[in-house]
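Student: Going down the list, the sequences are from chains A and B.
Sequential numbering from 0 applies to the first sequence in numbering that gives the first Met the number 0.
Sequential numbering from 0 applies to the second sequence in numbering that gives the first Met the number 0.
Every residue, glycine too, gets a C-beta built ideally from N, C-alpha and C.
Quick one: the structure is below, questions incoming.
There are 2 protein chains.
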Amino acid sequence: MTDSAESLLLKIKEQGDLVRKLKAAKESNEKIQEEVSKLLALKAQLNTEDAGPQKFTLKTPKGTRDYNPQQMSIRNDVLQKIITVFKRHGAECIDTPVFELKEVLTGKYGEDSKLIYDLKDQGGEILSLRYDLTVPLARYLAMNKITNLKRYHIAKVYRRDNPAMTRGRYREFYQCDFDIAGAYDPMVPDAECLKVVTEILDTLNIGQYVLKINHRRLLDGMFEACGVPADKFRATCSTVDKLDKSPWDEVRTEMINEKGVTPEAADKIGEYVRLNGGTELAEKLLKDEKLSKTKAAVEGLEGIKLLLEYCALFGIKDKILFDLSLARGLDYYTGVIYEAVLTQPIKIGNEEQTVGSIAGGGRYDNLVGMFDSKHKQVPCVGVSVGVERVFSVLEAKLAAGDIAVRTSDIDVYVASAQKNFLEERIKVCAELWNAGIKTEQSYKKNPKMLNQLQHCEENGIPLAVVLGQSELERGVVKIRNIVSRQEDEVPRDSLVQELKTRISALNKEINGTS
Amino acid sequence: MTDSAESLLLKIKEQGDLVRKLKAAKESNEKIQEEVSKLLALKAQLNTEDAGPQKFTLKTPKGTRDYNPQQMSIRNDVLQKIITVFKRHGAECIDTPVFELKEVLTGKYGEDSKLIYDLKDQGGEILSLRYDLTVPLARYLAMNKITNLKRYHIAKVYRRDNPAMTRGRYREFYQCDFDIAGAYDPMVPDAECLKVVTEILDTLNIGQYVLKINHRRLLDGMFEACGVPADKFRATCSTVDKLDKSPWDEVRTEMINEKGVTPEAADKIGEYVRLNGGTELAEKLLKDEKLSKTKAAVEGLEGIKLLLEYCALFGIKDKILFDLSLARGLDYYTGVIYEAVLTQPIKIGNEEQTVGSIAGGGRYDNLVGMFDSKHKQVPCVGVSVGVERVFSVLEAKLAAGDIAVRTSDIDVYVASAQKNFLEERIKVCAELWNAGIKTEQSYKKNPKMLNQLQHCEENGIPLAVVLGQSELERGVVKIRNIVSRQEDEVPRDSLVQELKTRISALNKEINGTS
């Protein structure tokens, strides 16, 4: 507590004593009230004092951030584009709570489980914040016994990871998920997921990309063929997953020293994981001495071949790369896996920023069954778009002046240069709002004309209605075009219609449509 | 663990022993691999067994729920209508993290603080889930030293309250907030908040309502005039707040027995709080013997008078009721307070549902200062719309068959009655998606015609493209109108253009525009 607060407390005590004394002495009500109001004033002061000064740094929690209006404008624009693609493919929307029973998340994420946020035990259920949108979807499907669903879900997820916020890595971040649940023919929904990713990346227009694909069955078959014991498949797979960040030598060392893979097996793996290509590679590997004898590898390769065939029919084959080094971290994948990577750094102002992986996903046929008491499986395949990296690229472009955004859509500002026109402005605003026109005015009684016009310029408001005594007396109002500064008088009665015509003309100008 | 899982473990152990024996005996690689794959198959089986059967009830956390596609459709529609109103008034959008440093929330909610969700201390910062959107806004303004902002914020908030889910009371629920921050002339932004509420309730079209208004300064002045000691104002105010649910007698008893108000003071309060009306009541009370001598009461009454004047100019005065029993629970209000209440039960099927309070808010001029090291104040006024009650009314109407919703926007289904047409369907889908047409197809290789048409009917898809060998050979495709069942052949080359024309015609039909 501050010194001033302490002295204030003392004053309050003294004043309180005085009031009590007056009351005990049955002094006149007026006199008592007078002292009571002094006491109240002191207490009001204390209420303000009491809270501060701020004892803690004013910040958002580590790894999180606020979105200001510019950032929200970018975010809403990006999300809207993604939703448009999801809806174009007929996906329905669902939502789940931000937290789940802790048990729902247990045993789904392997090593990464340590990154889950738990809620404090305040009596009742033990809860954790969702780590992704995939496990909640599986829980939702199992709980409601749904066997077919094409859904999208756009929401924040939570990971107690080391944040790298300038690169778009947060502890609270958006995922945009598209998943197809249901028992269908092989690779048909899987190929559509890849098509969805290409449509999203094309519409976001953030540079060239490649869609890497691989298959968990092929990875398992490859490990088996190289002599890795089955109980080390998942651990070896996690190590292969590091190949996008570390050179093969380091990955090899980790395999041998930490995962207990023999040097011979590691070297054999090393030969496979440097391979990438298209259908011809899948066909070559189907004839590979070791892989062709491994059931899992053959299954994986046949899957990849079929997927590539459908991708060709979808017209996206030039964007797909079959890459044996792609492994993906999560445990629950069972079939095809994929990842979209931007292939060029993005130019922001005079600097370049590397974005890397921007979407990923795969098939997980056993996850829903983990929630069903009879292990009834619902095969699923899906993709998750990592929009935070897109946001951070666009925000950097905004900061560098490469792009501009408007944070409000106001079309008309109701202004007046004269005093005592607030009442008239209120009436005009109400009329325009009731007509659905996006309208704003100053909250001051007597704002300066210059300030009002400046507000229009700063906020990109195209039109102003300027109210004045002489015009009102003649039954007209002025409409001002903020950019051209031209002013026209229109009859007060036809103001709404006139504004609508002008707004619609301005919108056509902007959109370039007729 | 189930019996089958135990017997599986035994089999795995035996098979493992066999493999080890073969290896020790340096048997041929082929023979070893054969037994290894059997072992792998058993282990794969175990992975599925291992997770279950489900040891816990599959549910969402207490007081929370999933939104299925129908519910999401309703939710998105309601939120979109609200956003349209907020934007019409020029509000910018911001967002804040779902959790805050616990200290940010401390001391802001009075008795309700016990309802805050805390996160577990996993090392690092101590965090709590947000309880409303108002305190995060105040933190945001103070942290960024923003003195003027008109913003909206639509997000979920969290309260460990007793849920009443059928009536739309949840522990995780949406708030839709509109606030105006900045030092302006009295009651101008306050009146706009009321105008915003009327526009929202009118556009949601959920029945007649009244907007109750009161003023914290008037309440304080009233308590003072009735002889309540200043340190009991807030507690007395909380008790008055219960008048919407409890009769006066009960409230009076609580005041006397629990809050230490004298019976005489309580009776005087009782006379005031039964008053409600309009400007004439404010004028009458300004002449009231007791209130007219209390500075706070006079300030509050003058404020109410001015507010009513602006409401008349906004054309919403018939919806406003000045009601001295309105108190509002939260501590941080300092000026005008208001609450929108539906005045009629809503008819759902053959039943009626009472909704009650649906929006509320007020002025809080001291909250931002609590976060500023120099107590720099930013006066604020705002309103929060409680959309969960709207959702639950509309969901009940949906369940009763009073309304219908579509959960996907698909315009075209690509179908085929013939076998081996998947490739052709994929190519047509890609073409339509690339043209921006909302398109779907079956994920089966050879779906039945009847199932495909049924899918269209069930999902309200208006058009189907029907592919067939004979048509393709003639360079045409069939377009089928699902409702009328009429089929027309169109040239394959002009399919996209033809579909766009038909979709646009159908949309005009639905929207009734020309």
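Return no unless some Cβ of chain A is closer than 7 Å to the Cβ of R87 of chain B.
Tutor: Your numbering for residue 87 of chain B matches position 88 in the second sequence. So, interface residue.
Student: Check whether the Cβ atoms of F313 of chain A and A141 of chain A lie closer than 7 Å to each other.
Tutor: For this step, residue 313 of chain A is matched to residue 314 along the first sequence. For this step, residue 141 of chain A is matched to residue 142 along the first sequence. Between F313 of chain A and A141 of chain A, the C-beta spacing is not below 7 Å.
Student: Can a CB atom of chain B be found closer than 7 Å to the CB of L57 of chain A?
Tutor: What you label residue 57 of chain A is simply residue 58 of the first sequence in a count that begins at 1. L57 of chain A counts as touching chain B.
Student: Measure the CB-CB distance between P188 of chain A and I179 of chain A and report whether it falls below 7 Å.
Tutor: Your numbering for residue 188 of chain A matches position 189 in the first sequence. Your numbering for residue 179 of chain A matches position 180 in the first sequence. Result yes, Cβ atoms of P188 of chain A and I179 of chain A sit closer than 7 Å.
Student: How would you write the range of the beta strand (DSSP E) that G206 of chain B sits in, first residue to last?
Tutor: Position 207 of the second sequence, counted from the start, is the residue given in the question as residue 206 of chain B. G206 of chain B -> no beta strand (DSSP E), and no H or E assigned at all.
Student: Going along the chain, which residues of the stretch 232-257 of chain A sit with their C-beta nearer than 9 Å to a C-beta in chain B?
Tutor: F232
Student: Just mark E279 of chain B as buried or exposed, buried being the case when its beta carbon has 16 or more other beta carbons within 10 Å.
Tutor: As a first step, residue 279 of chain B is located in the second sequence; it is residue number 280 there, counting from the start. It counts as exposed.
Student: Name the residues in the stretch 320-344 of chain B whose C-beta lies less than 9 Å from a C-beta of chain A; which are they?
Tutor: none
Student: For the stretch 9-85 of chain B, which segments carrying the beta strand (DSSP E) assignment without a break, of at least 3 residues, lie completely within its bounds, in sequence order?
Tutor: none
Student: Touch check for the stretch 165-178 of chain B and the stretch 131-138 of chain B: three-plus C-beta pairs under 8 Å?
Tutor: yes
Student: Are the beta-carbon atoms belonging to E338 of chain B and S356 of chain B less than 7 Å from one another?
Tutor: The residue you call residue 338 of chain B lines up with position 339 of the second sequence. The residue you call residue 356 of chain B lines up with position 357 of the second sequence. Yes, they are a contact pair.
Student: Keeping to the same chain, check which residues put their C-beta closer than 8 Å to that of I436 of chain A; ignore five residues upstream and five downstream.
Tutor: The count along the first sequence starts at 1 and reaches residue 436 of chain A at position 437. Here the set comprises D410, V411, V495, L498, K499, I502.
Student: Leaving out five residues on either side along the sequence, give the residues of the same chain with a beta carbon under 6 Å from the beta carbon of L393 of chain A.
Tutor: Here residue 393 of chain A refers to the residue found at position 394 when the first sequence is read from its first residue. Answer for L393 of chain A: I73, listed in chain order.
Student: Over what stretch of residues does the beta strand (DSSP E) that includes E488 of chain B continue unbroken?
Tutor: In the second sequence, residue 488 of chain B corresponds to position 489, counting from 1. Note, E488 of chain B: beta strand (DSSP E), 486-490.
Student: Alpha carbon to alpha carbon, how far is E48 of chain B from Q343 of chain B?
Tutor: On the second sequence, position 49 is the one that residue 48 of chain B refers to. On the second sequence, position 344 is the one that residue 343 of chain B refers to. Residue placement at E48 of chain B is poorly supported in this model, since its pLDDT is 43, which falls under 50; the coordinates are not used for a value here.
Student: In chain order, which continuous runs of the alpha helix (DSSP H) of length 4 or greater are located wholly inside the stretch 179-248 of chain A?
Tutor: 187-203, 215-224, 232-239
Student: Residues in the same chain with beta-carbon distance under 8 Å from E423 of chain B, minus the five sequence neighbours each way, listed in chain order, please.
Tutor: Within the second sequence, residue 423 of chain B is the residue found at index 424, counting from 1. Taken in chain order, the residues that qualify are S415, L466, L471.
Student: How many Å lie between G51 of chain A and I115 of chain B at the Cα?
Tutor: Position 52 of the first sequence holds residue 51 of chain A. Position 116 of the second sequence holds residue 115 of chain B. For G51 of chain A, the pLDDT reaches just 46, beneath the cut-off of 50, and the residue's location in the model is therefore unreliable, although a value from the coordinates is still provided. Spanning the two alpha carbons is a distance of roughly 21 Å.
Student: Thinking A281 of chain A and K304 of chain A are a contact (beta carbons under 8 Å), I'd like their distance in whole angstroms, please.
Tutor: Start at 1 with the first residue of the first sequence, and residue 281 of chain A comes out as number 282. Start at 1 with the first residue of the first sequence, and residue 304 of chain A comes out as number 305. Rounded, the Cβ-Cβ distance is 5 Å, consistent with contact.
Student: Which residues, taken in chain order from the stretch 154-173 of chain B, show a beta carbon closer than 7 Å to some beta carbon of chain A?
Tutor: For the stretch 154-173 of chain B, which is checked against every Cβ of chain A, the residues closer than 7 Å are K155, R159, E171.
Student: Ordered along the chain, which non-local residues of its own chain (more than five positions away) have a Cβ less than 6 Å from that of N445 of chain A?
Tutor: For this step, residue 445 of chain A is matched to residue 446 along the first sequence. Excluding residues within five positions, the ones whose Cβ falls inside 6 Å are K418.
Student: What is the DSSP secondary structure of I313 of chain A, reduced to helix, strand or coil?
Tutor: Looking up residue 313 of chain A in the first sequence gives position 314. A quick correction: the sequence has Phe, not Ile, at residue 313 of chain A. The answer is helix: DSSP assigns F313 of chain A an H, G or I state.
Student: Can you check whether the C-beta of P530 of chain A is within less than 7 Å of a C-beta belonging to chain B?
Tutor: What the structure shows of chain A is the stretch from 0 to 513, and residue 530 of chain A is not part of that stretch, so it cannot be assessed.
Student: Using 8 Å as the cut-off, can you tell me whether the stretch 220-227 of chain A makes contact with the stretch 289-302 of chain A, which would need three or more C-beta pairs spanning the two stretches below that distance?
Tutor: yes
Student: Just how far apart, CA to CA, sit A207 of chain B and L341 of chain B?
Tutor: Stepping through the second sequence from its first residue, residue 207 of chain B is reached at position 208. Stepping through the second sequence from its first residue, residue 341 of chain B is reached at position 342. The sequence given here places Gln at residue 207 of chain B; Ala does not occur at that position. For Q207 of chain B and L341 of chain B, the distance between alpha carbons rounds to 6 Å.
Student: Using DSSP's beta-bridge definition, name the partner residues of H152 of chain A.
Tutor: Taking the first residue of the first sequence as 1, we reach residue 152 of chain A at position 153. Residue pairing by DSSP places H152 of chain A opposite A:D176 in a beta bridge.
Student: From the DSSP output, in three-state form, read off L290 of chain A for me.
Tutor: Residue 290 of chain A sits at position 291 when you count from the first residue of the first sequence. L290 of chain A: helix per DSSP, three-state reduction.
Student: Please state the DSSP three-state secondary structure of E470 of chain A.
Tutor: As a first step, residue 470 of chain A must be located in the first sequence, where it is residue number 471. Looking at E470 of chain A - three-state DSSP - the assignment turns out to be helix.
Student: Relative to the C-alpha of G334 of chain B, which residue among B:L118, B:E34, B:D219 is closest?
Tutor: Residue 334 of chain B sits at position 335 when you count from the first residue of the second sequence. Looking at the Cα atoms, B:D219 is the closest of the given residues.
Student: Could you pull out every residue in the same chain whose Cβ sits closer than 6 Å to the Cβ of E488 of chain B, ignoring the five residues on either side in sequence?
Tutor: For the purposes of this step, residue 488 of chain B is taken as residue 489 along the second sequence, with counting starting at 1. If we look at E488 of chain B and ignore the five residues flanking it on each side, its Cβ neighbours are V475, K477.
Student: Measure from the C-beta of D201 of chain A to each C-beta in chain B and report whether the shortest distance is under 7 Å.
Tutor: Stepping through the first sequence from its first residue, residue 201 of chain A is reached at position 202. So, not an interface residue.
Student: Can you confirm whether E91 of chain A, when its beta carbon is compared against all beta carbons of chain B, has any partner nearer than 7 Å?
Tutor: Taking the first sequence and counting its residues from 1, the one referred to as residue 91 of chain A is at position 92. So yes, E91 of chain A belongs to the interface.
Student: Thinking C236 of chain A and G360 of chain A are a contact (beta carbons under 8 Å), I'd like their distance in whole angstroms, please.
Tutor: Mapped onto the first sequence, residue 236 of chain A falls at position 237. Mapped onto the first sequence, residue 360 of chain A falls at position 361. At roughly 16 Å, the Cβ-Cβ gap does not stay under 8 Å, so C236 of chain A and G360 of chain A are not in contact.
Student: In chain B, which residues lie with their C-beta within 9 Å of the C-beta of P188 of chain A?
Tutor: In the first sequence, residue 188 of chain A corresponds to position 189, counting from 1. Under the 9 Å cutoff, chain B gives Y442.
Student: What whole-angstrom Cβ distance do L41 of chain A and K80 of chain A have, given they're in contact under 8 Å?
Tutor: Start at 1 with the first residue of the first sequence, and residue 41 of chain A comes out as number 42. Start at 1 with the first residue of the first sequence, and residue 80 of chain A comes out as number 81. L41 of chain A to K80 of chain A, Cβ: 57 Å. No contact.
Student: Using a 10 Å radius around the Cβ and a threshold of 16 neighbouring Cβ atoms, would you call D492 of chain B buried or exposed?
Tutor: As a working mapping, residue 492 of chain B is identified with position 493 in the second sequence. Counting Cβ neighbours within 10 Å, D492 of chain B comes out exposed, since fewer than 16 surround it.
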